[in-house]
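To start, the structure under review is shown below, and the notes come after it.
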Amino acid sequence: MRKSILLVEDDPTLGEGLQTSLGKDYDVKWANTFAKASQFLKSETFDLLIADLGLPDGHGLDLIKNLESLSYKPPVLILSAQGDPETRLKGYEIGIQEFVPKPFHLKELLLRISRIFEAPQNQIEVEVGKVKINFATFAVYQQNGGIEYPPVNDIKILKHLTSQPGSPVSRDQIINAVWGADSETSHRTIDNAIARLRQLIGDTNEEMIRSVRGVGYVYEAKANGE
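Throughout, our numbering is defined as the position within the sequence shown, counted from one, plus 859.
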């Protein structure tokens, strides 16, 4: 089945061009306003949201934040000329997967999209260390045939980390993704969950979930044989 993409872009030339180009491989809906994009997201489900930031009736970051109110949350790629470090950081803090600055090369955009769809977060079952995890049921399958059901939020943390292999993720980013931006969850709670996850997947040398001093954690796919 073809993946579905919601493209949010107010420039008519770029919007029409991308809808045509991406439409060769994906089912693409195009919205040129914040309001129209919001209607699409409420009435349909998409496998990816590609959003510009400077919209005539709202800001793209607010559109992304509003995804928390939906019954599903698609991965997000920002496509914008607002590529300053502060804006990029704000995007990653609310859980985007990619940030492509304008102007861009179409081939690069296509590669970024492919990388998102190939990421572990878009697979229901993923092998991590010594176990296989079903991110839909939160079940963990051991090599001896046993099944465990760890705390749901632990699995959500692991899913968030494995969706961004090689990219450091801060504790605040994890809190925002799993508990929500208004949560009072402490950094210690994250550290305790990471300890449990390392034990769960057999990461005794802390090579798969590696600590990044002063930042948080990073999932190393190579250490997992990926």
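Ideal placement from N, C-alpha and C gives every residue a C-beta, glycine not left out.
{"query": "Status (buried if at least 16 other CB within 10 Å, exposed otherwise) for I992", "result": "buried"}
{"query": "C-alpha gap between G913 and T946, whole angstroms", "result": "12 Å"}
{"query": "Rounded C-alpha distance that separates E967 from K961", "result": "11 Å"}
{"query": "G874 - containing alpha helix (DSSP H), residue span", "result": "P871 to L881"}
{"query": "Same chain only: Cβ atoms within 8 Å of F905, ignoring 5 sequence neighbours per side", "result": "S863, I864, L865, K888, F899 and P933"}
{"query": "C-beta contact flag for L873 and A896 at 8 Å", "result": "no"}
{"query": "N925, DSSP secondary structure in three states", "result": "helix"}
{"query": "V990 to T1021 span [Cα, whole Å]", "result": "14 Å"}
{"query": "Member of A998, P915 and N1003 whose CA lies at the smallest distance from the CA of P1009", "result": "A998"}
{"query": "Span separating the alpha-carbon of M860 from that of E903", "result": "16 Å"}
{"query": "Completely contained alpha helix (DSSP H) runs for the stretch 988-1023, where each covers 4 or more residues", "result": "1011-1021"}
{"query": "Buried or exposed by the 16-neighbour rule on C-beta atoms within 10 Å, applied to N891", "result": "buried"}
{"query": "Distance between G1025 and G1075 (C-alpha atoms, nearest Å)", "result": "12 Å"}
{"query": "Residue closest to L938, alpha-carbon to alpha-carbon, out of H918, T1063 and Y1078", "result": "H918"}
{"query": "Euclidean distance between Cα positions of E986 and K1018", "result": "11 Å"}
{"query": "Terminal residues of the beta strand (DSSP E) in which I909 lies", "result": "L907 to A910"}
{"query": "Nearest-angstrom beta carbon gap, L920 and G950 [assumed within contact, 8 Å]", "result": "7 Å"}
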